[in-house]
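Note that UniProt numbering gives residue 231 to position 231 of the sequence shown, counting from 1, and the numbers run on in steps of one.
These notes are about the structure you will find just below.
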Amino acid sequence: MQNETYTLSNGLTIPKIAFGTWQIPNEAAAKAVETAINVGYRLIDTAAQYENETGVGEGIKNSQVDREELFVVTKIAPDVKSYEGAVEAINDSLDRLGLGYVDLMLIHAPKPWKELFHNSPKDYFEENLQVWKAMEEAYHAGKIRSLGVSNFTIPDMENIINHSEIKPVAEQIKTHIGNVDEEILTFCQKNGLQLMGYSPIATGQLIKDQRLVDMANKYQVTVPQLCIKYLIQRDILPLPKSTHKEFMEQNKQLDFTINAADMQTLIDFQDETTFVPND
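Here you go:
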């Protein structure tokens, strides 16, 4: 599974499954990332906001896998909304990671978290364009190989697409069975953005859902495997997270296909998990 890739709109290839590091503390990140790489993950996702970039970078270094074989993603924190702040944030992330470049840099959110949570009417369109300008300059300097966004609405993405030299190649949002934003998925597909799904198991909330347990048993897989495979079959790139080697390995053992009828059942699946855009 780890050798299968998508091709981004800028021509870069990206593995179809990532190792996510949200909620992994910095002191545990090095071992977790090293283990993930050693069991076959080649796409590593982090963020300044996670406060674990240093550990992630150590794990990459300790893995002994060539940097060129890895695809590393990080994110500019939501509170950074100026050109100068973004320039500093990009350089700081690279320093913490100990890398000369990252493969994909995302704007973590269209607004500072506090305003996003409280549905502030301010759109931050101009501020995001200033951040994007800094990212474009870092791209030309060889510090970033591709640019993208996270937790953006369609108008937020349109603002970037319509006013940028370098177009976004990815959007990362919370996505799992029972919580797929069909409008954003369609928009991304039409505009050349790879949709990436964080919290693919709804931070564990789906594991005990009896409907999913029964379906997973039918395919002789775990509920996390079912959840991850569902996203991949919808061409959404999942970002599962675990600090346990056994589960890391399980999460990428996806040599089964969910049939069309079951896929429709999962598309129609309703759950009560709430949107918490922490990732």
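No residue lacks a Cβ here, since even glycine has one placed at the ideal position from N, Cα and C.
Keep in mind it's a predicted model, so treat the numbers as computed, not measured.
Could you compute how far the alpha carbon of residue i sits from the alpha carbon of residue j?
i: Glu-115; j: Gln-220; result: 44 Å
i: Arg-211; j: Leu-231; result: 17 Å
i: Pro-78; j: Leu-129; result: 13 Å
i: Ala-138; j: Lys-208; result: 44 Å
i: Thr-274; j: Pro-240; result: Only weak support is given to the placement of Thr-274: the predicted model assigns it a pLDDT of 41, under 50, and the value that follows is read from those uncertain coordinates. One C-alpha to the other measures close to 18 Å.
i: Ala-89; j: His-163; result: 22 Å
i: Pro-110; j: Gln-49; result: 14 Å
i: Val-33; j: Asp-66; result: 14 Å
i: Phe-256; j: Ile-228; result: 11 Å
i: Tyr-6; j: Lys-245; result: 25 Å
i: Leu-266; j: Gln-225; result: 14 Å
i: Glu-69; j: Arg-42; result: 7 Å
i: Leu-195; j: Leu-106; result: 12 Å
Starting from residue i and walking both ways along the alpha helix (DSSP H), at which residues does that stretch end?
i: Lys-31; result: 26-38
i: Ile-184; result: 182-191
i: Ala-202; result: Neither: Ala-202 is in no alpha helix (DSSP H) and is coded neither H nor E.
i: Leu-129; result: 125-140
i: Val-73; result: Counting along the chain, Val-73 falls outside any alpha helix (DSSP H), though it belongs to the beta strand (DSSP E) covering 71-76.
i: Tyr-50; result: Run containing Tyr-50: none; DSSP gives neither H nor E here.
For residue i, does the count of other Cβ atoms within 10 angstroms reach 16, so buried, or fall short, so exposed?
i: Thr-74; result: buried
i: Ala-261; result: exposed
i: Gly-142; result: exposed
i: Gly-178; result: buried
i: Ile-14; result: buried
i: Asp-95; result: exposed
i: Gln-222; result: Correcting the residue type first, residue 222 is Thr in the shown sequence and not Gln. Thr-222 comes out buried.
i: His-108; result: buried
i: Asn-251; result: buried
Return the residue from the list the options that minimises the CA-CA distance to residue i.
i: Pro-168; options: Lys-31, Met-135 and Asp-214; result: Met-135
i: Thr-203; options: Lys-218, Met-215 and Thr-175; result: Thr-175
i: Ala-30; options: Asp-66, Thr-243, Leu-266 and Asp-268; result: Thr-243
i: residue 281; options: Ser-199, Thr-186 and Glu-4; result: Only positions 1 to 279 of the chain appear in this structure, which leaves residue 281 out of reach.
Name the two residues that bound the continuous beta strand (DSSP E) containing residue i.
i: Ile-14; result: 13-15
i: Gln-172; result: 170-174
i: Ser-150; result: 147-150
Problem set entry | Touching by the beta-carbon criterion (3+ pairs, under 8 Å), the region 17-31 and the region 145-161 | no
Exercise. With contact counted as at least three CB pairs below 8 Å, one residue from each stretch, are the region 101-112 and the region 53-60 in contact?
Worked result: no
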